[in-house]
Structure formats: structure tokens, C-alpha cells
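Below is one structure; the comments refer to it alone.
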């Protein structure tokens, strides 16, 4: 009999508890960076009743700053009207029958706008946007039959979330995952000594940059090229054309420079695109510069950039891309270009009756021949890395951990993870090469179930580790870890589908079904494994012909 466990039920005021965790944390860590208005808001909030706090959090968690009284209904709050009066007296909200036209356009339905604007002359069949435009252009006097509520300090939530999460995209829903037990997180050092933001200017610039990035993204979604050009022009003539001296903010600025440059390049404004790309050191800046210069027949300048990419690549993809561009450039200019990398690993073909999964069919085939087989695509090597470097991954580094809900440090994938922990990592690599990896079984027992971005616990079973750890030599494991450390974001992907053992033999096998082909990152991993004498291959599977065929 199959039984299921019902999902846990959240208490009525779970969101209030989570918000108070948020403000308690921010008050401990960042009170000195909050301005007078923000500190006064926290004091006003602290003076509210439980229902007052709860309704405030409900409002703050919504995207809008305006709310209709007739639409406000939360069963856990006993008296909405009394609570609204409390919030108004505390200066948290405004309550009115006469909201501004912009708010009316947001709050009212099309039928309500038709009733509100009887003299507009607009046909009822017109789209709502026509009525909205009329409202915004004519700004008629408005007195609605219901009350409207607006938050007085709507900027407080983005600031609190930024200080807690260190980004502009996470929100209170992350707390819910913890409440439900979906994620259980490692405890990390969250002292003020290692906090991310050290100056108020950091906060102001971050929020401004996030708002600008969102504007540019929204213009892209709307395919509003003129708006995107206007934003690009404004950025070019603002302080954003100058690098920040704080690295986290500068990386954020450079990502925006790349996005703007790419859009200008698509619009064939190549000169402007180059200007933006040259303000960024992050990939794919150098690649795009080289490609634009080739279009402009500036082959020498392009060759210099490509040579730098080959000599000191930022990541795996940049190195591979540089090789491809170099092989194109040799037709135009004298340049030392690397040869195209060909697969050095073995390949074979197998004909099977493929069921629902080609990987499962292959696994069953080898199991019938005495092999133990595990599905391990992007799972095994990553998990062993996560276990072997667990304490280093979660070690206290300035700006790495901001809150209790992190699966990895902030710099895990931005190219600085290794540099910020170089001594500890090198010592660990040396220890592994000299003494092996048996210590990870103790880590596995102690940390099982805790969120780690490198480990999917449901797939990484002790029997898999028992088979895999001795299959590779310590030196071979170190080689795998060095590859991950060079480019964690890219090299955590592209791993072989299956890991198999039979007696003293083992192999990583990439499975390709009919019509499937190897991707670049898969070829790189298989070549790397082969280079370090780790048995690997690609298996091309064909469907067994049926009698009807």
C-alpha cells in the first residue's frame, strides 16, 4: 500500500515571523547604514499590534503600493478596518477616496473606468489602455465609492531584502522553503565583520543599478529599441561610465555593460557597442569586441584581444571561443592559432531496444553483464567536490555569506572563489593527493541533508561513493577538482551520464541516443578525463529494429 505524507501546514502568521527574522537580522548587521527615515519606520513598525504588523507585511509583500479596501481580506486578521486605522495613525499608510490617476488605472477594471469616465467619448469596445491613456492625459477629479490604501514608505522592503539576501531577486518566499523543511541550511558565520555592505553608498548605488537593469530588461521584453537606446545613452553620460571601486558592485555594473553592448551590437551600432564592451572584463566582453573588430576589418586589434584570451582565459568557454576565432583570423592575418581539439576518448555503438530512457536501457544492458551502474550526470564529481571542500565552501570570507539561506557563498561562481581561498584550497588539494578522500565519509554522515549547491543527496548514496572514491587515484580526483575550481559555473556541467564498476574496472560513459550528439562542454570533460587516464567513453545507441520494420 502506498502512503503519502501530507505537506506541513504553515501557521497563520508564518510570514510575520519570517519578516521579523528579516528585520532583526538587518537591525543587528546594518542599523548603522540605515538612514533616519528607515530607522524611524522600524520604530513605527515595532510599536504596532500583531495585526498591524501582519497587515503591514502583507502589503509590503505585494508588488503594488496601492490597495482597494474592498479587496483586502486576510482571515487571520480579525478587524481589517480597525487595523487600517492603526496603520494610518502610525504613519505607515495613507487612506483616501481620491487616489491619483496613476493609482486608479492600476486599481480599476475596464468596466469601472467606463463608469468613472462617462464624458470621455471613448467607445466601450475600446481596450482598457485607451481609457488609461485618457485618465493619465486629462487627470480628472476622482472620488471613488471605496477606500484606497497606499504604503507611505514603499522603498523599505527592497532595502531590507537587499541587505539580507545581497541581491534584488530573492524575497520572503525563501523563508517559506525553510519553514516547510524543503531546504535545511548550513550554519555560517554571519558576524558584522564579514558583512557584504560596508557603506551606505554601496546600498544606494546597488539599488539604482538594479532599477536600471530592470528598466533595460523590461524594454527588451517589450522590444522597445528606442527605450533601450535611451537607457544606453543615459548610462554613457552618467557616473555609471566610471568603474566602481567596490568589486561586488563593479561586477554588477560590468554585467549591465555587457547586456547594453550586446543589444547595441544587435542593432548594428557597433561603435557604441564597443564602448560598452570595453568597460567590462567579464565574458563575453572580449569575444564580442573581437567579433566587432573583425567586422570592421580591424584584424590586428582583434588578434591582440584573441591572443590575450588564449593566454589568460576567464573561463572555459572563453578559451574555446578564442580558439575558434583565432582559426578564422589566420585567413586574414598572421596569428598563432591552436589546432581544433578533436575527441581523444574512445567511442562505441550499441544496438538496443530503447525503452522510455536511453540511459536506463544502457544501464540495464551493462547490469546484465555484471556491471554496477549509477546514473551520475553532473552528480558524482560535483558531490565529491562538495564533500571534500565543505568546510572551505562555508568558511567565513568577507561578503560570502549574508543570511542563513545560502547553498553556497556569493562568490562561488563569479571567478573569485578560488582566489579568495587560495591557501586553504591548495592545502586541501595537497592533503587529498597525499592522503586520499576517505575523510569525506565522515563529512557525509555529519552534513547529510544540509543544502549544498554541489550535492543532490537523493542521488549521492554511500554505495556510489564506496565504489567511486577508490576507483580514481587521489591524483586523478585532484585533477577533477582543479578543473572545477578553474571555472565552477561551466565545469559543474557536462559530466558523463553513467559511472560503472566491475571488479577492478570502472568507467564514465556518456550515452547518446539516436540523433543526439556531443556538446562542447561534454567533449571538454571527456578529453580531460582521458588526459588524466580516467577511463571514459561515449556510447552511441541505436534502436533495435522491430519485426515490422
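Residue numbers (full-length UniProt numbering): 1 to 549.
The beta-carbon is built from N, C-alpha and C at its ideal position, and this holds for glycine as well.
Computed from a prediction, not measured in an experiment: that's the story for all the values here.
From the DSSP output, in three-state form, read off residue i for me.
i: residue 468; result: helix
i: residue 541; result: strand
i: residue 17; result: helix
i: residue 314; result: coil
i: residue 348; result: strand
i: residue 460; result: coil
i: residue 73; result: coil
i: residue 342; result: coil
i: residue 1; result: Since pLDDT at residue 1 reaches only 33, below the 50 mark, its modelled position is unreliable, and the value read off the structure follows with that caveat. DSSP places residue 1 in coil when its eight states are reduced to three.
i: residue 248; result: helix
i: residue 451; result: strand
i: residue 180; result: Here the model assigns residue 180 a pLDDT of 49, short of 50, so the residue's position is not dependable, and the following value carries that caveat. Here residue 180 sits in coil by DSSP.
i: residue 413; result: coil
i: residue 534; result: coil
i: residue 395; result: coil
i: residue 283; result: coil
i: residue 63; result: coil
i: residue 98; result: coil
i: residue 442; result: helix
i: residue 167; result: coil
i: residue 9; result: coil
i: residue 295; result: helix
i: residue 241; result: helix
Closest to residue i by CA distance: which of the options is it?
i: residue 345; options: 204, 250, 537; result: 537
i: residue 413; options: 204, 337, 433, 493; result: 493
i: residue 329; options: 46, 468, 294; result: 294
i: residue 360; options: 126, 484, 498; result: 498
i: residue 318; options: 336, 93, 290; result: 290
i: residue 204; options: 249, 327, 89; result: 249
i: residue 157; options: 169, 148, 146; result: 169
i: residue 419; options: 275, 397, 142; result: 397
i: residue 25; options: 421, 479, 402; result: 402
i: residue 310; options: 33, 469, 326; result: 326
i: residue 508; options: 520, 517, 495; result: 495
i: residue 286; options: 271, 322, 186, 264; result: 322
i: residue 192; options: 488, 399, 534, 430; result: 399
i: residue 172; options: 405, 430, 468; result: 405
i: residue 428; options: 479, 532, 114; result: 479
i: residue 279; options: 306, 239, 299, 14; result: 239
i: residue 438; options: 69, 534, 164, 470; result: 470
i: residue 187; options: 247, 107, 520, 447; result: 447
i: residue 275; options: 283, 260, 304, 308; result: 260
i: residue 347; options: 357, 530, 233; result: 530
Could you tell me which residues DSSP pairs with residue i in its beta bridges?
i: residue 500; result: 373, 507
i: residue 151; result: 93
i: residue 68; result: 148
i: residue 554; result: Outside the modelled stretch of the chain, which goes from 1 to 549, sits residue 554, for which no answer is possible.
i: residue 473; result: According to DSSP, residue 473 bridges with nothing at all.
i: residue 185; result: 451
I believe residue i touches residue j by the beta-carbon criterion, under 8 angstroms. Please report the beta-carbon distance rounded to the nearest angstrom.
i: residue 425; j: residue 474; result: Actually they are not in contact, since the Cβ atoms of residue 425 and residue 474 sit about 15 angstroms apart, beyond 8 angstroms.
i: residue 151; j: residue 65; result: 5 angstroms
i: residue 451; j: residue 421; result: 20 angstroms between Cβ atoms; not a contact.
i: residue 544; j: residue 512; result: About 16 angstroms separates the two Cβ atoms, so there is no contact after all.
i: residue 98; j: residue 142; result: 6 angstroms
i: residue 68; j: residue 117; result: The pair is not a contact, with the Cβ atoms about 18 angstroms apart (cut-off 8 angstroms).
i: residue 282; j: residue 272; result: Going by Cβ atoms, the distance from residue 282 to residue 272 rounds to 18 angstroms, so no, they are not a contact pair.
Does any C-beta atom of chain D lie closer than 8 angstroms to the C-beta of residue i?
i: residue 297; result: Among the protein chains of the structure shown there is no chain D, as only one such chain exists.
Between the stretch 384-404 and the stretch 440-456, do at least 3 Cβ pairs fall closer than 8 angstroms? yes
I want to know whether the stretch 491-505 touches the stretch 371-379 - three or more CB-CB distances under 8 angstroms. Touching, yes.
Hey, is the stretch 247-258 in contact with the stretch 209-225, meaning 3+ C-beta pairs nearer than 8 angstroms? yes
Say whether the stretch 375-384 touches the stretch 471-485, bearing in mind that this needs 3 or more beta-carbon pairs closer than 8 angstroms, one atom from each stretch. Yes, they touch.
Is the stretch 333-342 touching the stretch 453-470 in the sense that three or more CB pairs, one from each, lie closer than 8 angstroms? In short, these stretches do not touch, since the Cβ pair count stays below three.
With a threshold of 8 angstroms, are at least 3 pairs of Cβ atoms found where one atom belongs to the stretch 227-236 and the other to the stretch 191-206? Output reads no: the stretch 191-206 does not touch the stretch 227-236.
Is there contact here, the stretch 11-30 with the stretch 47-65, by at least three beta-carbon pairs under 8 angstroms? yes
Segment contact, 8 angstroms Cβ cut-off, at least three pairs: the stretch 101-111 with the stretch 73-90: As far as the Cβ criterion goes, the stretch 101-111 does not touch the stretch 73-90, which means the pair count is below three.
Examine the Cβ distances between the stretch 126-134 and the stretch 105-115 and report whether three or more of them are shorter than 8 angstroms. yes
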